[in-house]
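In mature numbering (1 follows the signal peptide of the UniProt record, and there is no 0), the protein residues as written are -28 to -1, 1 to 207. Note sheet for the following structure.
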Amino acid sequence: MKSFRAVSLAAAVAVAALAAVAAPAATAASSVSPVPTPKTMKITKKSGEECISKWYVTGKASGGGWEWKDETKCCPPRMATKTMTTYVEGKKCLSTWTVCDRELNAAGNCVWKWCDKTDCATPVCPPKPAEMKKRYTKKDGRRCVSRWFACGTQIKGGVCTYKGCDVVTCKAACVKPAPKTMTTRTPTKVCVSHWWAAKLNVDQSTDGQDCNWVWADKEECTCKPADKSPVWKKC
């Protein structure tokens, strides 16, 4: 009975010893924390200089915690706003660049950050031009109408202009009518009248371009003195 108690007591002492050794190790492990990230803050000095202050860890402090170091970098004087006129899709645009922020570059220097803005003006188109029309007759007699009209707009160089379309339509030449002949008879006189289209006038006042023919005529007669006379003469 005594031996069993002695073994149990020895085991308990061993477990307690292990627990005592493990506890400081766990405490040490839990006390290790990641290195804090650098911190920055934008400041403006009394002199008007615009700067960025930076704090960063340089090592561990002897009494625990972290050792910090700070340094301040100042930007050069602000640069003036820049503008430039450009054309986008034919529209006149004004691009403006201004200093809008400051930051530290890869070398750790204070530099300016630029912001740009572009404003484009949509030009106002002038009144639509009236349709222009020309009517004419070709050498082959075809009657044609040529039309020019605004069929769209285009913007170029900041100015709105109209695109022009030309459309020509033609129809067949005027058909010349056949000549006409008429004979009139009396016992003593026979007359033959001829009519023919001598000149064409095309009415160009309308798109119909109607055909107007000017007719010429001629009459020839033969006569005889009496009803039963065999002699016919021009008269």
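Built from N, CA and C at the ideal position, the CB exists for glycine as well.
Unbroken beta strand (DSSP E) run spanning residue i, endpoints
i, result
"M154", "152 to 158"
"S165", "161 to 174"
"G136", "131 to 143"
"S201", "Segment: none, S201 is in no beta strand (DSSP E) and carries neither H nor E."
"A93", "82 to 93"
"S67", "63 to 76"
"D189", "183 to 195"
"T55", "54 to 60"
Within 8 Å, strictly: CB atoms of residue i and residue j
i, j, result
"E103", "R115", "no"
"C47", "C72", "no"
"T58", "D88", "no"
"K135", "A93", "no"
"A188", "A170", "yes"
"C23", "K54", "no"
"M56", "W84", "no"
"P10", "K26", "yes"
"V96", "C123", "no"
"G113", "C146", "yes"
"H166", "T156", "no"
"W38", "P6", "no"
heavy atom of the ligand GTP below 7 Å from residue i C-beta
i, result
"D138", "Among the components of this structure there are no ligands whatsoever, and the ligand GTP is therefore not found."
Whole-Å CB distance - residue i paired with residue j, under 8 Å assumed
i, j, result
"V174", "T109", "5 Å"
"K41", "Y28", "6 Å"
"T76", "T12", "First, the residue type needs correcting, since residue 76 is Leu and not Thr in the sequence shown. Contact holds; Cβ gap of about 7 Å."
Paired residues, beta bridge with residue i - DSSP
i, result
"S25", "M13, T44"
"Q126", "T133"
"R119", "K105, V139"
"G31", "E39"
Residue-chain proximity (residue i, chain C), Cβ-Cβ < 8 Å
i, result
"S25", "You won't find chain C in this structure, because it holds only one protein chain."
Given 8 Å, three or more beta-carbon pairs between the stretch 180 to 193 and the stretch 153 to 163
yes
For the pair the stretch 141 to 155 and the stretch 120 to 133, tell me if three or more CB-CB distances fall below 8 Å.
no
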